[in-house]
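Student: If you scroll down you'll find the structure; I have some questions about it.
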Amino acid sequence: MASTTINVQSALGTSLSSTSNDSSTWSEPQICREYDVFLNFRGEDTRYTFTDHLYNALVDKCIRTFKDNEELAYGKPIKRELLDAIDKPRMAVIILSKDYASSTWCLEELAKIVERMEDRGMRVLPIFYHVDPRDVQNQTETFASAFDEHGNHFKDQNIEKVKMWRDALKRVANLSEHYLKDG
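Residue numbers (the numbering used here): 1 to 183.
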């Protein structure tokens with residue numbers, strides 16, 4: 001686990017230290033952000049394992065990191081404060097795990113992150129945690145099951161929301177990735 005965290009931390013460090021010609025680069029002192037990084041993850045899958053290790057490693061390096069600590073129930077509306085927190089950092093780390101897509105909260109956050117990526121240039125680092133990136137890209141295996149369930153649940157209400165989640169997941173899955181396997 002330590003070497004995996006260091007590798008991901010190195011990728012984050014590279015993204016955090018890279019600069020661009022726009023006026024909102026990391027290196028400009030006038031920009032004071034509440035958070036540098038937003039962690040998006042499925043709590044049941046990674047909260048007390050990989051995500052905690054990553055969070056602690058980032059904080060130890062003085063990288064201000066947002067990690068939601070609440071256990072979230074299926075079907076409850078996402079808190080406004082949580083979506084607002086996505087607006088603050090310049091980077092999001094998305095930890096894609098086995099049951100990630102079964103969480104409407106994760107998918108709502110993901111859609112907002114992709115929106116910020118497109119309209120504000122937010123950097124996004126997907127990490128495939130014990131899932132095959134192709135299953136995420138093609139939405140097969142547990143991702144297919146989750147979207148079948150969402151389709152059934154939202155079929156009469158807001159099927160467009162499910163389409164938006166699918167599109168956001170495909171978009172992020174096609175970014176450069178870090179694939180963490182067993183062993």
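Glycine included, each C-beta is placed from N, C-alpha and C at the ideal position.
If you draw a straight line from the alpha carbon of D191 to that of S97, how long is it in whole angstroms?
Tutor: Lying outside 1 to 183, the shown extent of the chain, residue 191 is not represented and no answer is given.
Student: Is it right to say R120 is buried, meaning 16 or more other beta carbons lie within 10 angstroms of its own, or is it exposed?
Tutor: Counting Cβ neighbours within 10 Å, R120 comes out exposed, since fewer than 16 surround it.
Student: Note down the Cα distance separating A101 from A92, rounded to an integer number of angstroms.
Tutor: A101 and A92: Cα-Cα distance of roughly 17 Å.
Student: Counting pairs of Cβ atoms below 8 Å between the stretch 80-91 and the stretch 136-143, do you hit three or more?
Tutor: With a cut-off of 8 Å, the stretch 136-143 and the stretch 80-91 do not count as touching, because too few Cβ pairs lie within range.
Student: In its own chain, which residues sit with a C-beta less than 6 Å from the C-beta of A168, not counting the 5 before and 5 after it?
Tutor: The answer, listed in chain order, is L110, A111 and V114.
Student: According to the neighbour-count rule (16 or more other Cβ atoms, all chains shown, within 10 Å of its Cβ), is K67 buried or exposed?
Tutor: Buried, because 16 or more other Cβ atoms sit within 10 Å of the Cβ of K67.
Student: Sort out for me which residues DSSP pairs L125 with in a bridge.
Tutor: Answer is V93.
Student: Just the C-alpha distance for D99 and R42, rounded to the nearest angstrom, thanks.
Tutor: Their backbone Cα atoms lie some 7 Å apart in a straight line.
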